[in-house]
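2 protein chains.
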Amino acid sequence: MQTLYVELGDRRYPIFIGSKLNAQELLEPYIHGHQVMVVTNTTVAPLYLDHYVAALEASGKTVHTCILSDGEKYKDIEHLNLIFDALLEAGFNRDCTVLALGGGVIGDMAGFASASFQRGVYFVQVPTTLLSQVDSSVGGKTGINHPLGKNMIGAFQQPQVVLADMSQLSTLPPRELSAGLAEVIKYALLGDVEFLDWLEQHMEALVAGDETVLATAVYKSCAHKARIVASDEKEQGDRALLNLGHTFGHAIESYLGYGEWLHGEAVATGMVMAADLSFRMGWISESDLERTKKIILRANLPIVCPKIPLEEFLAYMAHDKKVLNGQLRLVLMKKLGQAVITRDFDVELMKQVIVANQH
Amino acid sequence: MQTLYVELGDRRYPIFIGSKLNAQELLEPYIHGHQVMVVTNTTVAPLYLDHYVAALEASGKTVHTCILSDGEKYKDIEHLNLIFDALLEAGFNRDCTVLALGGGVIGDMAGFASASFQRGVYFVQVPTTLLSQVDSSVGGKTGINHPLGKNMIGAFQQPQVVLADMSQLSTLPPRELSAGLAEVIKYALLGDVEFLDWLEQHMEALVAGDETVLATAVYKSCAHKARIVASDEKEQGDRALLNLGHTFGHAIESYLGYGEWLHGEAVATGMVMAADLSFRMGWISESDLERTKKIILRANLPIVCPKIPLEEFLAYMAHDKKVLNGQLRLVLMKKLGQAVITRDFDVELMKQVIVANQH
Ligand SMILES: NC(=O)c1ccc[n+]([C@@H]2O[C@H](COP(=O)([O-])OP(=O)(O)OC[C@H]3O[C@@H](n4cnc5c(N)ncnc54)[C@H](O)[C@@H]3O)[C@@H](O)[C@H]2O)c1
Ligand SMILES: NC(=O)c1ccc[n+]([C@@H]2O[C@H](COP(=O)([O-])OP(=O)(O)OC[C@H]3O[C@@H](n4cnc5c(N)ncnc54)[C@H](O)[C@@H]3O)[C@@H](O)[C@H]2O)c1
Ligand SMILES: [Zn+2]
Ligand SMILES: [Zn+2]
Numbered sequence: 001m002q003t004l005y006v007e008l009g010d011r012r013y014p015i016f017i018g019s020k021l022n023a024q025e026l027l028e029p030y031i032h033g034h035q036v037m038v039v040t041n042t043t044v045a046p047l048y049l050d051h052y053v054a055a056l057e058a059s060g061k062t063v064h065t066c067i068l069s070d071g072e073k074y075k076d077i078e079h080l081n082l083i084f085d086a087l088l089e090a091g092f093n094r095d096c097t098v099l100a101l102g103g104g105v106i107g108d109m110a111g112f113a114s115a116s117f118q119r120g121v122y123f124v125q126v127p128t129t130l131l132s133q134v135d136s137s138v139g140g141k142t143g144i145n146h147p148l149g150k151n152m153i154g155a156f157q158q159p160q161v162v163l164a165d166m167s168q169l170s171t172l173p174p175r176e177l178s179a180g181l182a183e184v185i186k187y188a189l190l191g192d193v194e195f196l197d198w199l200e201q202h203m204e205a206l207v208a209g210d211e212t213v214l215a216t217a218v219y220k221s222c223a224h225k226a227r228i229v230a231s232d233e234k235e236q237g238d239r240a241l242l243n244l245g246h247t248f249g250h251a252i253e254s255y256l257g258y259g260e261w262l263h264g265e266a267v268a269t270g271m272v273m274a275a276d277l278s279f280r281m282g283w284i285s286e287s288d289l290e291r292t293k294k295i296i297l298r299a300n301l302p303i304v305c306p307k308i309p310l311e312e313f314l315a316y317m318a319h320d321k322k323v324l325n326g327q328l329r330l331v332l333m334k335k336l337g338q339a340v341i342t343r344d345f346d347v348e349l350m351k352q353v354i355v356a357n358q359h
Numbered sequence: 001m002q003t004l005y006v007e008l009g010d011r012r013y014p015i016f017i018g019s020k021l022n023a024q025e026l027l028e029p030y031i032h033g034h035q036v037m038v039v040t041n042t043t044v045a046p047l048y049l050d051h052y053v054a055a056l057e058a059s060g061k062t063v064h065t066c067i068l069s070d071g072e073k074y075k076d077i078e079h080l081n082l083i084f085d086a087l088l089e090a091g092f093n094r095d096c097t098v099l100a101l102g103g104g105v106i107g108d109m110a111g112f113a114s115a116s117f118q119r120g121v122y123f124v125q126v127p128t129t130l131l132s133q134v135d136s137s138v139g140g141k142t143g144i145n146h147p148l149g150k151n152m153i154g155a156f157q158q159p160q161v162v163l164a165d166m167s168q169l170s171t172l173p174p175r176e177l178s179a180g181l182a183e184v185i186k187y188a189l190l191g192d193v194e195f196l197d198w199l200e201q202h203m204e205a206l207v208a209g210d211e212t213v214l215a216t217a218v219y220k221s222c223a224h225k226a227r228i229v230a231s232d233e234k235e236q237g238d239r240a241l242l243n244l245g246h247t248f249g250h251a252i253e254s255y256l257g258y259g260e261w262l263h264g265e266a267v268a269t270g271m272v273m274a275a276d277l278s279f280r281m282g283w284i285s286e287s288d289l290e291r292t293k294k295i296i297l298r299a300n301l302p303i304v305c306p307k308i309p310l311e312e313f314l315a316y317m318a319h320d321k322k323v324l325n326g327q328l329r330l331v332l333m334k335k336l337g338q339a340v341i342t343r344d345f346d347v348e349l350m351k352q353v354i355v356a357n358q359h
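First to last, the protein sequences are chains S and U. First residue of the first sequence? That's 1 in UniProt numbering, and the numbers climb one at a time after it. First residue of the second sequence? That's 1 in UniProt numbering, and the numbers climb one at a time after it.
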């Protein structure tokens, strides 16, 4: 087992990463009070809920559960309210813990509920998708969607502890595993060429679900996100590096309609576009671009997107909230493994890139 | 005009208190970005909305409005969502301000919406009831009700500025003014016997709506709340002093059903009960008790409550969330104008007090 501390002063918390972790032993020191509400969904509950309920009860906790419908489309205020219903029906007071057991959807909803119930109770994350382990475990963002925008309503809420157990990834659909790998590859491309070398050596094992190798990838990814987030808590500067591939990806997701492509898939193709533009700007070499495409392909992720009319693609890119105020800013690569946030790119080359990387 | 600063480090903010305040001049320096959503209700909108919209537009702001139904029963998640709808339909981004124009219901809802929209935008309070001016302007509590409990869901959200204009109290129903005076009297009884002297000298003017005298009462009240809240941000100790009269009052409100008596009316009778128990414990004199009753009566507030079976009264008292963990704690007076939080009172005397102060 590896432990990574997210350094947030008096809200410092550990991420435990490993396989078949001892939930009782690891969680017990971080659970205040005796009431725990485990929030999960109908897919994850039959797989892992009993295990965590037993671990918490072995620590003497009073455990209640709240099982939500599975899907991004239920990440709304109505389903958030079901968590409040459960907390109040169980008679929970301020000294309780909300534990998220599931992917990013459950983590975001349970996290926001814990931030708002009685104006803030304790929160614990048990992310069960690769994407949620490498992304939502760090940064404290929680929230829900609104019909007019994703993640529009929420709170910053840090967990007491995160438990990332690789053995739970064995039941994850391969497509979801690959979507998580897109974000892992992102950390390499934006800031760590040695990690890219390592990924090239271990991609087969990752895709096959090798738990030891996955644990290393999760550790490295969380460490990168923690470093970037810590250097820029207010999301003004470096934090935008985490959007490598996301502005292009956002356009793809929006055009196709959310749910058609997974977020990680759109980000994967978006990273190819960012790399291609970096290449056309003369910043990275053709072989760097090929390396980028190859690692993404080997993660079973798409490197081209369906045909999208250029004007529509551009309109969706401009809608990305990172570029709302003023000019379009993109995260591009000055070198392989060294991303920058920049306005200084050739818009004509960008248009060529969009057209070139479609079916 | 008087200015009181609530000292919260880098979230320090001013409360401007006076009559016919210059809204444009006072608000302009505290409004970030150019988008402002004014949240108000159907009662307050016809009275004051135009004035504030004009003041904000004179500062070059883009102003949208969200007019909610009037009433505590609409302080729920559904009506909260109407504020999010309005913000998103207006296309507001993170750099916007939500301005609450109304009483405590509007302040609590708009405050929570501002804390959650895009994970937190700017908030400005224009409290238009005496109760909201002397109570919710300080402390940063915001939130909504749930069918299973009041104020169960919310956030701590500090405003950028509070503008308390006494001239707006002229349209307030007299019963609402008196309800606000209950909280004003509370500050005197819990910690400032000189303020009690002052109230005794000025109660006629307060009840008559004299704006100069009201401004002083608001200033003193906010200063007391700010002092107590600052000394106890986490609500573990001294902050509970603010509950003088509230545990008894809570029982009255719960038994009668919320909406029957105003909160301030229940608190008024609750303070009489607290004073009576303090007297029976031998801590304050009979004339202190009489002074307490008299000032409450002069504010046109009730000093006895309808007949409530003792067992039910006690059960509701025990439900008060301040006493959930373990033994009943009460705020009583060791001396007139000096409250303490204590478990050391005679339960039999408490029962006598409840029965004695009913019709
Ligand atoms: N808070 C943040 O910082 C942050 C960061 C990235 C993404 N997100 C959010 O996360 C969400 C996406 O997260 P996600 O990709 O985890 O999606 P998800 O939560 O929808 O999970 C994907 C699917 O896998 C299932 N699943 C989860 N764990 C499983 C397991 N161990 N075995 C089998 N099936 C399992 C889920 O039920 C779901 O059907 C989005 O809503 C996004 O906005 C938040
Ligand atoms: N956040 C806090 O710290 C805090 C503190 C105390 C109370 N509260 C909350 O505040 C609420 C009670 O506040 P309230 O007493 O102001 O009630 P309220 O907001 O319901 O206002 C009382 C009535 O007066 C009307 N009104 C408001 N201003 C007016 C004006 N200038 N002229 C004419 N009518 C006017 C309102 O429309 C309403 O009908 C409760 O929900 C309570 O939980 C919050
Ligand atoms: Zn992403
Ligand atoms: Zn009160």
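Backbone N, C-alpha and C define an ideal beta-carbon position, used for all residues, glycine too.
So for Met281/U, helix, strand or coil by DSSP? Within the second sequence, residue 281/U is the residue found at index 281, counting from 1. In the three-state DSSP reduction, Met281/U falls in the coil class, being neither helix nor strand.
| So with Cβ pairs under 8 Å, would you call His34/U a contact of chain S? | Taking the second sequence and counting its residues from 1, the one referred to as residue 34/U is at position 34. Cβ-Cβ to chain S under 8 Å: no for His34/U.
- Residues from the segment 63-81 of chain S in contact with chain U, defined by Cβ distance under 9 Å: Flagged, chain order: Ile77, Glu78, Leu80, Asn81.
Neighbourhood of Thr42/U by C-beta, 7 Å cutoff - its chain only, sequence neighbours within 5 removed: The sequence position of residue 42/U within the second sequence is 42, counting from 1. Non-local C-beta neighbours of Thr42/U in its own chain, meaning closer than 7 Å and more than five positions away in sequence, comprise Ile67, Ser69, Asp70, ordered along the chain.
**Asked** At a CB-CB cut-off below 9 Å, which residues of chain S make contact with Ala155/U?
**Response** Against the second sequence, residue 155/U aligns to sequence position 155. Listed by position along chain S, the residues whose Cβ is nearer than 9 Å to that of Ala155/U are Ala115, Ser116, Arg119, Gly120, Ala155.
message: Alpha carbons only, please: which of Asp95/U, Asp346/U, Gly270/U is nearest the one belonging to Gly282/U?
response: Mapped onto the second sequence, residue 282/U falls at position 282. Taking Gly282/U as reference, the option from Asp95/U, Asp346/U, Gly270/U with the minimal CA-CA separation is Asp346/U.
**OP:** Go ahead and pull the three-state DSSP assignment for Thr42/U.
**Re:** The residue you call residue 42/U lines up with position 42 of the second sequence. In the structure shown, Thr42/U sits in coil (DSSP, three-state: anything other than H, G, I, E or B).
Would you tell me roughly how many angstroms separate the C-alpha atoms of Lys335/U and Met152/S, rounded to the nearest one?
By 1-based counting over the second sequence, the position of residue 335/U is 335. By 1-based counting over the first sequence, the position of residue 152/S is 152. Per the coordinates, the alpha-carbon of Lys335/U lies some 51 Å from the alpha-carbon of Met152/S.
- Task: Tell me whether Val323/S sits in a helix, a strand or coil according to DSSP, three-state version.
- Result: The count along the first sequence starts at 1 and reaches residue 323/S at position 323. With a pLDDT of 49 at Val323/S, under the threshold of 50, the predicted position of this residue should be treated as unreliable, though the coordinate-derived value follows. Here Val323/S sits in helix by DSSP.
### Helix, strand or coil at Met109/U according to DSSP, with G and I counted as helix
Taking the second sequence and counting its residues from 1, one reaches residue 109/U at position 109. Helix.
Worksheet item: On the three-state DSSP scale, how would you describe Ala339/U?
Response: Taking the second sequence and counting its residues from 1, the one referred to as residue 339/U is at position 339. Residue state, collapsed to three classes: strand.
- Item | Beta-carbon gap between Glu200/S and Ile303/S smaller than 8 Å | Stepping through the first sequence from its first residue, residue 200/S is reached at position 200. Stepping through the first sequence from its first residue, residue 303/S is reached at position 303. Contact flag unset, no.
Exercise. Should Met37/U go down as buried or exposed, given a rule of 16 or more other Cβ atoms within 10 Å for buried?
Worked result: Taking the second sequence and counting its residues from 1, the one referred to as residue 37/U is at position 37. With 16 or more other Cβ atoms within 10 Å, it is buried.
**Asked** Taking the C-alpha atoms as reference points, what is the distance between Leu56/U and Asn22/U?
**Response** Sequence index remark: in the second sequence, residue 56/U carries index 56 (1-based). Sequence index remark: in the second sequence, residue 22/U carries index 22 (1-based). Computed Cα separation, rounded: 11 Å.
message: Per the DSSP calculation, His64/U is bridged to which residue(s)?
response: Position 64 of the second sequence, counted from the first residue, corresponds to residue 64/U. The beta-bridge partner set that DSSP reports for His64/U consists of Met37/U.
heavy atom of ligand 3 below 7 Å from Val267/S C-beta: Counted from its first residue, the first sequence places residue 267/S at position 267. Answer for Val267/S: yes, Cβ within range of ligand 3.
Do you know how far the Cα of Thr128/S is from the Cα of Ser170/S?
Position 170 of the first sequence, counted from the first residue, corresponds to residue 170/S. Position 128 of the first sequence, counted from the first residue, corresponds to residue 128/S. About 10 Å.
Exercise. Compare the C-beta of Lys141/S against all C-beta atoms of chain U and say whether one is closer than 8 Å.
Key: Against the first sequence, residue 141/S aligns to sequence position 141. At a cut-off of 8 Å between C-beta atoms, Lys141/S counts as an interface residue with respect to chain U.
If we ignore side chains and look at the alpha-carbon of each, how far apart do Glu78/S and Ala113/S end up? Taking the first sequence and counting its residues from 1, one reaches residue 78/S at position 78. Taking the first sequence and counting its residues from 1, one reaches residue 113/S at position 113. Each residue's alpha carbon lies about 12 Å from the other.
Excluding the 5 residues flanking Tyr122/U on each side, which residues of the same chain have their C-beta closer than 6 Å to its C-beta?
As a working mapping, residue 122/U is identified with position 122 in the second sequence. Within its own chain, the residues whose Cβ lies closer than 6 Å to the Cβ of Tyr122/U, once the five positions on either side in sequence are excluded, are His32, Thr97, Gln160, listed in chain order.
- Any heavy atom of ligand 2 within a distance shorter than 7 Å of the CB on Ile106/U? Mapped onto the second sequence, residue 106/U falls at position 106. Yes.
*Between the Cα of Gly107/U and those of Asp85/U, Ala164/U, Lys61/U, spot the shortest distance and give me the residue it belongs to.*
Translated into positions along the second sequence, residue 107/U becomes position 107. Nearest of Asp85/U, Ala164/U, Lys61/U to Gly107/U, Cα basis: Ala164/U.
Self-check item: Sheet register partners of Leu99/S (DSSP bridge)
Solution: Numbered from its first residue, the first sequence carries residue 99/S at position 99. Secondary-structure assignment with DSSP links Leu99/S through a beta bridge to Val38/S, Val124/S.
With a threshold of 6 Å on Cβ separation, who are the neighbours of Met166/U within its own chain once the five nearest residues in sequence on each side are excluded? One-based indexing of the second sequence puts residue 166/U at position 166. Within the same chain, and ignoring the five residues on either side of Met166/U in sequence, the residues whose Cβ sits closer than 6 Å to its Cβ are Ser19, Glu211, Leu214, Ala215.
Open item on the list: Checking the sheet assignment: what are the DSSP bridge partners for Ala155/U?
Closed with: Sequence index remark: in the second sequence, residue 155/U carries index 155 (1-based). Under DSSP, Ala155/U forms a beta bridge with Thr142/U.
Practice item. Report yes if the CB atom of Thr142/U is closer than 8 Å to the CB atom of Gln157/U, and no otherwise. Key: If you number the second sequence from 1, residue 142/U lands on position 142. If you number the second sequence from 1, residue 157/U lands on position 157. The beta carbons of Thr142/U and Gln157/U sit closer together than 8 Å.
> Using the beta-carbon of each residue, which ones in chain S are nearer than 7 Å to Gly149/U?
Replying inline: One-based indexing of the second sequence puts residue 149/U at position 149. Contact note: Gly149/U reaches chain S through Leu88, using a C-beta cutoff of 7 Å and chain order.
### Task
Establish whether the CB of Leu324/U and some CB of chain S are separated by less than 8 Å.
Numbered from its first residue, the second sequence carries residue 324/U at position 324. With a pLDDT of only 47 at Leu324/U, under 50, the local geometry of the prediction cannot be trusted, and the value read off the model is given with reservation. By this cut-off, Leu324/U is an interface position.
**Request:** Look up Met1/S in the DSSP assignment and say whether it is helix, strand or coil.
**Result:** Working through the first sequence from its first residue, we reach residue 1/S at position 1. Coil, per DSSP.
**Report entry** Buried versus exposed, by CB contacts within 10 Å (16 or more), Glu89/U
**Finding:** Along the second sequence, read from residue 1 onward, the residue named residue 89/U stands at position 89. Residue environment analysis places Glu89/U among the exposed positions, since fewer than 16 neighbouring C-beta atoms fall within 10 angstroms of its C-beta.
Discussion item. Using a Cβ-Cβ cutoff of less than 7 Å, which residues in the same chain neighbour Cys222/U once the five nearest sequence positions on both sides are dropped?
Written reply: As a working note, residue 222/U is residue 222 in the second sequence. Cβ within range, chain order: Leu4, Ile15, Val134, Ser137, Val138.
*Going by other Cβ atoms of all chains shown within 10 Å of its Cβ, with 16 needed for buried, is Ala110/U buried or exposed?*
Numbered from its first residue, the second sequence carries residue 110/U at position 110. Looking at its Cβ environment, which holds 16 or more other Cβ atoms inside 10 Å, Ala110/U is buried.
For Arg239/S, which residues in the same chain have their Cβ closer than 7 Å to its Cβ, ignoring the five residues on either side in sequence? Along the first sequence, one-based indexing puts residue 239/S at 239. Result list for Arg239/S: Ile228, Val229, Asp232, in chain order.
Express the C-alpha separation of Ser116/S and Phe84/S in angstroms, rounding to a whole number. Numbered from its first residue, the first sequence carries residue 84/S at position 84. Numbered from its first residue, the first sequence carries residue 116/S at position 116. Phe84/S and Ser116/S have their C-alpha atoms spaced approximately 9 Å apart.
> Excluding sequence positions up to five away, which residues of its chain have a Cβ less than 7 Å from the Cβ of Tyr48/S?
Replying inline: Here residue 48/S corresponds to residue number 48 of the first sequence, with the count starting at 1. Hits under 7 Å: Leu101, Thr128, Gln168.
query = Are the Cβ atoms of Arg291/S and Leu349/S separated by less than 8 Å?
reply = As a first step, residue 291/S must be located in the first sequence, where it is residue number 291. As a first step, residue 349/S must be located in the first sequence, where it is residue number 349. With respect to Leu349/S, Arg291/S sits apart: the two C-beta atoms are not nearer than 8 Å.
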